[in-house]
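In full-length UniProt numbering, the protein residues as written are 1 to 182.
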Amino acid sequence: MQPGSKLPEVTFHTRVRDESVGGPNPFRWEDKTTSDYFAGKRVVLFALPGAFTPTCSTYQLPGFEKGFGDFAAQGIDAIYCLSVNDSFVMNQWAKAQGLENVQVIPDGSGEFTRRVGMLVRKDNLGFGLRSWRYAAVVNNGVIEAWFEEPGLADNHGADPYGVSSPETVLNWLIEANKEQAA
């Protein structure tokens with residue numbers, strides 16, 4: 001994907017808490033579209049290979065969560081974490097991470113990830129199809145900036161991390177906002 005590209009319109013199958021459901025698992029299915037997440041907002045989207053994995057859980061997700069105020073100060077309305085995991089996994093990961101600021105998007109079938117060109121095989125780790133690590137600044141569904149880790153390939157022997165880090169994205173926003181103000 002390149003700056004100026006529009007995100008693909010897909011449907012994400014999510015599970016949302018609904019007390020009217022009752023019982024020990026008060027959740028219901030709710031389909032959300034790309035437009036539901038991105039229309040009319042300036043957001044940071046970051047994607048990673050899998051919930052509960054080391055780099056994702058230790059650095060990338062916590063960095064975006066803790067830095068939310070800094071991102072908001074740069075005009076970001078929301079931060080989304082997307083992974084090729086189902087809604088059950090993503091919701092449990094969000095709970096385990098104590099998320100209050102970052103919202104998770106489950107791309108269980110990998111359709112969104114495939115359509116943005118980031119679907120890779122991770123069979124070497126027993127993962128199957130997953131997302132390559134990337135981040136983007138998205139304004140009203142259009143990519144403003146794209147941060148893709150180097151080496152995009154199936155069954156890559158490493159898990160590059162740095163280009164899509166919270167620090168890199170925040171620094172880009174700060175510089176972009178300075179340029180707009182000048």
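Glycine included, every Cβ here is placed at the ideal spot set by N, Cα and C. Just so you know, these numbers come straight off a predicted model, no measurement behind them.
- Judged by beta-carbon spacing, residue 147 lies beyond the 8 Å limit of residue 158, meaning their Cβ atoms are not closer than that value.
- With contacts defined by Cβ atoms closer than 8 Å, residue 133 and residue 45 do not form a contacting pair.
- Inter-segment contact for the segment 58-69 and the segment 83-99 is present: three or more beta-carbon pairs are separated by less than 8 Å.
- Close CB contacts of residue 151 within its chain, under the 6 Å cut and outside five residues either way in sequence, are with 160 (chain order).
- A distance below 8 Å between beta-carbons, with the five flanking residues on each side excluded, links residue 162 to the following residues of its chain, in chain order: 149, 168.
- In the displayed model, residue 103 falls within a strand according to three-state DSSP.
- Going by C-alpha positions, residue 164 is about 16 Å away from residue 175.
- Separation of residue 4 and residue 141 (C-alpha to C-alpha, rounded to the nearest whole angstrom) is 10 Å.
- Your pair residue 75 and residue 177 checks out as a contact, with CB atoms roughly 7 Å apart and the cut at 8 Å.
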